[in-house]
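In the numbering used here, the protein residues as written are 1023 to 1329.
Note sheet for the following structure.
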Amino acid sequence: METLNKELRPIAMINITNRCTLKCKHCFIYREGTPHTPTKKNEMPAEQMIKEIKKYRRKFGIVRMVWMGGEPLLRKDVLELGVKLFPQNTITTNGTLPLINLGPKIKWVISLDGPEEINDEIRGKGCFKKVLKNLNNLPEDFTGDLQCNCVISKKNEEFIEEFIEDLQKETPIRGVNFTFYVPKKKDRTGLCWESLEERDLIIKNVMNLKKKYPNFILNNLMVLNLMFSQNALEITNKCPVKNHMLSLYLGNEGFERPFCCYGNDVNCDLCGAWAVFHLAALMKINPGWPENAIGPFKKITPTSISI
Ligand SMILES: C[S@@+](CC[C@H](N)C(=O)[O-])C[C@H]1O[C@@H](n2cnc3c(N)ncnc32)[C@H](O)[C@@H]1O
Ligand code: SF4
Ligand code: SF4
1023 METLNKELRP IAMINITNRC TLKCKHCFIY REGTPHTPTK KNEMPAEQMI
1073 KEIKKYRRKF GIVRMVWMGG EPLLRKDVLE LGVKLFPQNT ITTNGTLPLI
1123 NLGPKIKWVI SLDGPEEIND EIRGKGCFKK VLKNLNNLPE DFTGDLQCNC
1173 VISKKNEEFI EEFIEDLQKE TPIRGVNFTF YVPKKKDRTG LCWESLEERD
1223 LIIKNVMNLK KKYPNFILNN LMVLNLMFSQ NALEITNKCP VKNHMLSLYL
1273 GNEGFERPFC CYGNDVNCDL CGAWAVFHLA ALMKINPGWP ENAIGPFKKI
1323 TPTSISI
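Right, dumping it as structure tokens:
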């Protein structure tokens, strides 16, 4: 008989390669002190990686897997086998490689960070055009759900509405989720706000835009509210992502668990990760989740959480 899971982590994210086609200015993977070097051992054959992943599935009771990297589409072989292991799968990709059809239940998250000029300043020259070409030439049999993830930072904060218009006009993406830059400890990238209070202004701007584009902006207003300076620290001090989500990075020898899904060098006090506040909201309406949750899992609706 199976023993009960000691550490239940139904949501997991995994880096399946340390290789990438881009070198983005904001990327938390390629920071000093965080595992990100491709080696012969960690870029393992697909069958071996799947075997490893199955062990984690059993140990932590994973239901939703978020596939990342590096660039996960560099390991199509792993994705093809891997998405069959879990009932819910999200693939977060930089969109520079052609997408593949892995079925209608797959959530594809395409990372773009602003209108062409701004995006390319952050993600590299020529990136925007390459991604748009792939999005507008999907395989004929493509059936997945297409969303965009945009990381708001000091570099692109003024261009959010222009970006929404571009996505609507030029891509088949059905909506965009905004997340906010997660800085490292001594962040001198110029991407980070000095304080949470300074960040409040742009959160307010996203809330106003949500009124104008209610369906296209996927962020929930109440979750955005939790990100304001008066609420944020209470949540990040007991980070639900760190405490309840499993993160697997590729160390030199194989999978290892970092400090949190944003790696080993992070400043929690200024963390703007959407997932943190979203999970905090979900936990408010699902008391005891994940260990002692009773009843069916409730999702966030515009009226289901109070703050
Ligand atoms: C690390 S990437 C890996 C997958 C893929 N290469 C991509 O760019 O989508 C996953 C997501 O994290 C976002 N990201 C990278 N650095 C970040 C940071 N410092 N703060 C918040 N999000 C970040 C990326 O823009 C992307 O949407
Ligand atoms: S494409 Fe993704 S993994 Fe690669 S550098 Fe950019 S954010 Fe990082
Ligand atoms: S950086 Fe963000 S996601 Fe990571 S532990 Fe800190 S608050 Fe949580």
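Just so you know, even glycine gets a beta-carbon here, dropped at the ideal spot from N, CA and C.
Just so we're clear, the structure is a prediction, and the values are computed from it rather than from any experiment.
Assuming Val-1131 contacts Asn-1171 (C-beta within less than 8 Å), just tell me the rounded distance between them.
That pair is a contact at about 5 Å.
Run through DSSP, which three-state label would Gly-1294 get?
Note: Gly-1294 maps to coil in three-state DSSP.
In chain order, what residues of the same chain lie with their CB nearer than 7 Å to the CB of Ile-1122, ignoring the 5 residues before and after it?
Cβ neighbours of Ile-1122 beyond the five flanking positions: Lys-1098 and Pro-1161.
What did DSSP end up calling Cys-1170 once you bin it into helix, strand or coil?
If DSSP states are grouped into helix, strand and coil, Cys-1170 belongs with the strands.
Using the C-alpha atoms, what's the distance from Phe-1202 back to Ile-1051?
Those two C-alpha atoms are separated by around 16 Å.
Alpha carbon to alpha carbon, what distance is there between Val-1298 and Asn-1259?
Looking at the two C-alpha atoms, the distance is approximately 11 Å.
When DSSP builds the beta bridges, which residues end up paired with Glu-1278?
DSSP output for Glu-1278 lists Tyr-1271 as bridge partner(s).
In angstroms with no decimal places, state the Cα-to-Cα distance between Ile-1225 and Phe-1250.
Each residue's alpha carbon lies about 7 Å from the other.
Do Leu-1270 and Phe-1277 have their beta-carbon atoms positioned less than 7 Å apart in this structure?
The answer is yes: Cβ separation under 7 Å.
Helix, strand or coil: which one does DSSP assign to Lys-1129?
Residue state, collapsed to three classes: strand.
I'd like the span of the alpha helix (DSSP H) that includes Ile-1225, first residue to last.
Taken as a continuous stretch (DSSP letters only), the alpha helix (DSSP H) holding Ile-1225 covers 1218 to 1234.
Please report the distance separating the alpha-carbon of Asn-1116 from that of Cys-1049.
Each residue's Cα considered, the two are about 12 Å apart.
With a cut-off of 8 Å, do at least 3 Cβ pairs link the segment 1032 to 1042 to the segment 1084 to 1101?
Counting Cβ pairs under 8 Å, three or more are found: they touch.
Given a cut-off of 7 Å, decide if Lys-1047 and Ile-1144 are closer than it, judged by their beta-carbon atoms.
Yes, the pair counts as a contact, with Cβ atoms nearer than the cut-off.
Helix, strand or coil, according to DSSP, for Met-1023 in the structure here?
Summary for Met-1023: the model assigns pLDDT 40, below 50, so the residue's position carries little reliability; its value from the coordinates is reported in the next sentence. DSSP places Met-1023 in coil when its eight states are reduced to three.
Between Leu-1044 and Thr-1118, which are expected to be in contact by the criterion C-beta below 8 Å, what is the C-beta distance as a whole number of angstroms?
Confirmed, Cβ separation roughly 6 Å.
Which of the three DSSP states is assigned to Met-1035 in this structure?
Of the three classes helix, strand and coil, the one that applies to Met-1035 here is strand, per DSSP.
Assign Glu-1279 to buried or exposed, taking buried as 16 or more other Cβ atoms, counted over all protein chains shown, within 10 Å of its Cβ.
What sits at residue 1279 in the sequence shown is Arg, not Glu. By the neighbour-count rule (16 or more Cβ atoms within 10 Å), Arg-1279 is not buried but exposed.
List the residues that DSSP assigns as beta-bridge partners of Gly-1197.
DSSP, once it has assigned bridges, lists Gln-1169 as partnering Gly-1197.
Expressed to the nearest angstrom, what Euclidean distance is found between the alpha-carbon atoms of Gly-1212 and Asn-1314?
Cα to Cα, Gly-1212 sits roughly 42 Å from Asn-1314.
Starting from Val-1088, trace the beta strand (DSSP E) both ways and give me its first and last residue.
1086 to 1090 is the span of the beta strand (DSSP E), which, as asked, contains Val-1088.
Can you name the start and end residues of the beta strand (DSSP E) that Thr-1112 belongs to?
Run containing Thr-1112: 1110 to 1115, per the beta strand (DSSP E) assignment.
Can you find the residues in the same chain that come closer than 6 Å, C-beta to C-beta, to Ile-1061, ignoring five residues on each side of it along the sequence?
Per the sequence shown, residue 1061 should be read as Thr rather than Ile. Here the set comprises Asn-1274.
My parser needs the alpha helix (DSSP H) runs of 4 or more residues fully inside the segment 1040 to 1108; what are they?
The qualifying runs are 1068 to 1082 and 1098 to 1104.
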